[in-house]
Amino acid sequence: MKKVVKFGGSSLANARQFKKVGEIIRADKSRKYVIPSAPGKRNGKDTKVTDLLYQCYDAASTGASYKKILNQIKERYDDIIDGLKLNLNLDHEFATIEENFVKGIGRDYAASRGEYLNGIVMAEYLGFPFIDAAEVIFFDEEGNFLAKETNEELSERLKTVDTAVIPGFYGSVYHNGMVRTFSRGGSDITGSIVARAIHADLYENWTDVSGFLVADPRIVENPAVIETITYKELRELAYMGASVLHEDAIFPVRSEGIPINIRNTNKPEDKGTLIVESTCRKPRFLVTGIAGKKGFCVVNIEKAMMNSEIGFGRKVLAVFEKYGISFEHMPSGVDTMSIVLHQSEFEDYEQSVVAGIHRAVSPDSVELESDLALIAVVGRGMKANRGIAGRLFAALGHARVNVKMIDQGSSELNIIVGVKNEDFETAIRAIYDIFINTEV
Ligand code: ADP
Ligand code: ASP
Ligand code: MG
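Those letters in the sequence shown? Residues 7 to 446, by our numbering.
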């Protein structure tokens, strides 16, 4: 039995948390490969080391004063090292980091040092070998992850050790060595890549909640824990903002059918959530999870008889393509077509796009609506059940939330509703109430 264990920032925020992690690892001999994140927040007002590193680098590389922040970062590690009574000194590492920052080596390198240093501390604490992720995880020049090259190198390298600490979040450009990171929260992806490379039996992802919750705990008070969820459901939820697990962390393990277990470092006795390819287990509720994001806008295009105009959709989408804008959803009616987009990607081009649509398809009208939030209601149990959309709308109507858009994925795994940004939280609570609270 071989397990890969990834610990998030809050699980490694200070020496006390490190000790919990040490106990978890020592409690199970199969926990052989450890992926640490950088030290996260110790309390609500604290700053993650990763954010401090970005700040420090931005200052150092532009000639502004940076020493105070660099010392603050060093103190975070020194506190951990002292608290764990380790015989370890990072002065030399910090000197190299400072030199590189001043040289302007790159923001990715800067951010990656959080994981790199925490990996060194973790390896010393556990007595496991340290493997620098830059030597085994690869990207191309554009920063795209290279799955094949990584898997070959990593699996060879891990054959030589029985245990290891491999820092999360970063790797390097293939045959070039320049450090690159994944997007924020990317240590989850590293864990998944390592699990694939060693053909792990399980990928444990340790965080500060007892599993994947039906809704964001910052919005719904004390939400229920999802016991089992499929990769597909989770991907929908992660993509729509349920930030527990990085949305790209699914792919590497999925190709090997390795389950992921989300666990709570502060409550190791809880079973957490099991993420699997498929399951016969009936979901506890009709709806597996609810997640959402703010900051969308919709382009509503109207034209009588558009449905019979061959090539209409293609011509409209070509306009967005021309400006390099990707779209999220595209619900349509007989005479209407709506394109849902990220507002931040669209804002700079909005007038050019509207003009382009006029030229391309001569619509009756093009209207823009901004400041929308999208909410995904996801569940494998929804397929076989009628009346879900009806209940959803009744609940939202009752909560006085105006539904701006609705789109049901063709897999019948999800329903997406669009509401005003300011109704976002109310809508999520209303959906939670109708599908979860009324069923327990
Ligand atoms: P880590 O630092 O361990 O990687 P993250 O902050 O990335 O942890 O993810 C865990 C956090 O995700 C939780 O503390 C919680 O606030 C948030 N979260 C958002 N949606 C959900 C959800 N549906 N279930 C559980 N946690 C969620
Ligand atoms: N430390 C990185 C971040 O804050 C990566 C991670 O936590 O997974 O985004
Ligand atoms: Mg995370």
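All residues carry an ideal CB built from backbone N, CA and C; glycine is no exception.
Counting contacts by CB-CB distance shorter than 8 Å, is residue i in contact with chain B?
i      : result
Lys300 : Here there is only one protein chain, and chain B is not present.
What residues are listed by DSSP as bridge partners for residue i?
i      : result
Ser338 : Met343
Met411 : Gly424
Gly295 : Val384
Arg186 : Gly177
His348 : Phe302
Leu280 : Thr234 and Asn267
Ser502 : No information on residue 502 is available, as it lies outside the stretch 7 to 446 that the chain covers here.
Thr454 : Since the first residue shown for the chain is 7 and the last is 446, residue 454 is missing from the structure and cannot be characterised.
Ile41  : Lys12
Leu378 : Phe302 and Lys426
Gly170 : For clarity, residue 170 is Ala in the given sequence; the question names Gly instead. Bridge partners of Ala170: Tyr39.
Tyr209 : Val10 and Ile266
Leu219 : Val231
Phe399 : None; Phe399 has no bridge partner.
Using the Cβ count rule (16 or more neighbours within 10 Å means buried), how would you classify residue i?
i      : result
His102 : The sequence as given places Thr at residue 102; His does not occur at that position. Result: exposed.
Arg386 : buried
Ser109 : Residue 109 is actually Lys in this sequence, not Ser. It counts as exposed.
Ser261 : exposed
Glu253 : buried
Pro223 : exposed
Glu242 : buried
Asn408 : exposed
Asn182 : exposed
Glu353 : exposed
Thr68  : exposed
Gly46  : buried
Glu121 : buried
Met7   : exposed
Arg119 : buried
Lys288 : exposed
Gly217 : buried
Lys489 : Look at the range of the chain in this structure, 7 to 446, and you will see that residue 489 is not part of it.
Gly429 : Inspection of the sequence shows that residue 429 is occupied by Asp rather than by Gly. When all chains shown are included, Asp429 counts as buried.
Thr234 : buried
Ala1   : Because the chain is modelled from 7 through 446, residue 1 falls outside the range shown and cannot be assessed.
Ala170 : buried
Ser17  : buried
Ser198 : buried
Using only alpha-carbon positions, find the residue among the options that is nearest to residue i.
i      : options                           : result
Glu50  : Lys26, Tyr115 and Ala19           : What sits at residue 50 in the sequence shown is Gly, not Glu. Of the candidates Lys26, Tyr115 and Ala19, the one whose C-alpha sits nearest the C-alpha of Gly50 is Ala19.
Ala230 : Ser16, Asn306 and Ile442          : Ile442
Thr187 : Glu155, Cys62, Ala140 and Ala206  : Ala140
Lys80  : Thr68, Ser67, Gly69 and Leu94     : Leu94
Met311 : Glu242, Tyr63 and Asp341          : Asp341
Thr196 : Glu162, Val40, Gly112 and Glu227  : Val40
Ile172 : Glu147, Ile30, Glu148 and Ala203  : Ala203
Asn306 : Lys277, Gly317, Asn106 and Ser376 : Ser376
Lys91  : Ser193, Glu356 and Ala21          : Ala21
Arg190 : Asp146, Tyr72, Ser249 and Glu105  : Ser249
Ala116 : Val27, Phe107 and Asp34           : Phe107
Val220 : Glu130, Gly278 and Arg37          : Gly278
Lys328 : Glu356, Ala433, Ala255 and Glu315 : Glu356
Glu148 : Ile434, Asn124, Asp114 and Leu160 : Asp114
Met343 : Ser216, Gly217 and Glu315         : Glu315
Glu373 : Val346, Arg392, Asn391 and Gly301 : Val346
Arg82  : Asn124, Ala65 and Tyr63           : Asn124
Val127 : Phe145, Asp88 and Ile143          : Asp88
Asp370 : Lys309, Ala401, Leu323 and Ile434 : Lys309
Thr53  : Gly15, Asp97 and Ala70            : Gly15
Lys389 : Ser193, Ser368, Ser417 and Ala129 : Ser417
His348 : Asp64, Gly319, Cys303 and Gly403  : Cys303
Val259 : Ile434, Leu96 and Ala201          : Ala201
Ala436 : Lys426, Lys288, Gly112 and Val226 : Val226
Ser145 : Leu76, Ala366 and Val185          : Contrary to the premise, residue 145 reads as Phe rather than Ser in this sequence. Comparing Cα positions, the closest option is Val185.
Leu251 : Thr234, Glu233, Asp276 and Ser193 : Ser193
Thr56  : His404, Ser43 and Asn77           : Ser43
Gly301 : Ile199, Tyr245 and Lys426         : Lys426
Tyr245 : Ser198, Glu29 and Lys299          : Lys299
Arg365 : Lys321, Gly263 and Ala400         : Lys321
Ala400 : Phe24, Leu280, Asp439 and Asn157  : Asp439
Notebook entry, point to check: Looking at C-beta atoms only, is the number of pairs between the stretch 276-294 and the stretch 236-243 that lie closer than 8 Å three or more?
Noted result: yes
Next item on the list: Decide if the stretch 204-215 is in contact with the stretch 7-15; the criterion is three or more beta carbon pairs, one per stretch, under 8 Å apart.
Entry: yes
Notebook entry, point to check: Does the count of Cβ pairs from the stretch 285-302 and the stretch 267-277 closer than 8 Å reach three?
Noted result: no
Checklist line | Minimum length 3: unbroken beta strand (DSSP E) runs contained in the stretch 244-275 | finding: 266-270
Item checked: contact_flag[the stretch 165-178, the stretch 131-140] where n(CB pairs < 8 Å) is 3 or more -> yes
Check: Are the stretch 412-422 and the stretch 335-345 touching by the rule of at least three beta carbon pairs closer than 8 Å?
Finding: yes
Check: Are the stretch 385-404 and the stretch 358-375 in contact at 8 Å, needing three or more beta carbon pairs?
Finding: no
Notebook entry, point to check: Between the stretch 190-210 and the stretch 260-269, do at least 3 Cβ pairs fall closer than 8 Å?
Noted result: yes
Notebook entry, point to check: Does the stretch 172-187 come close enough to the stretch 141-153 that 3 or more CB-CB pairs lie under 8 Å?
Noted result: yes
Check: Are the stretch 414-430 and the stretch 371-384 touching by the rule of at least three beta carbon pairs closer than 8 Å?
Finding: yes
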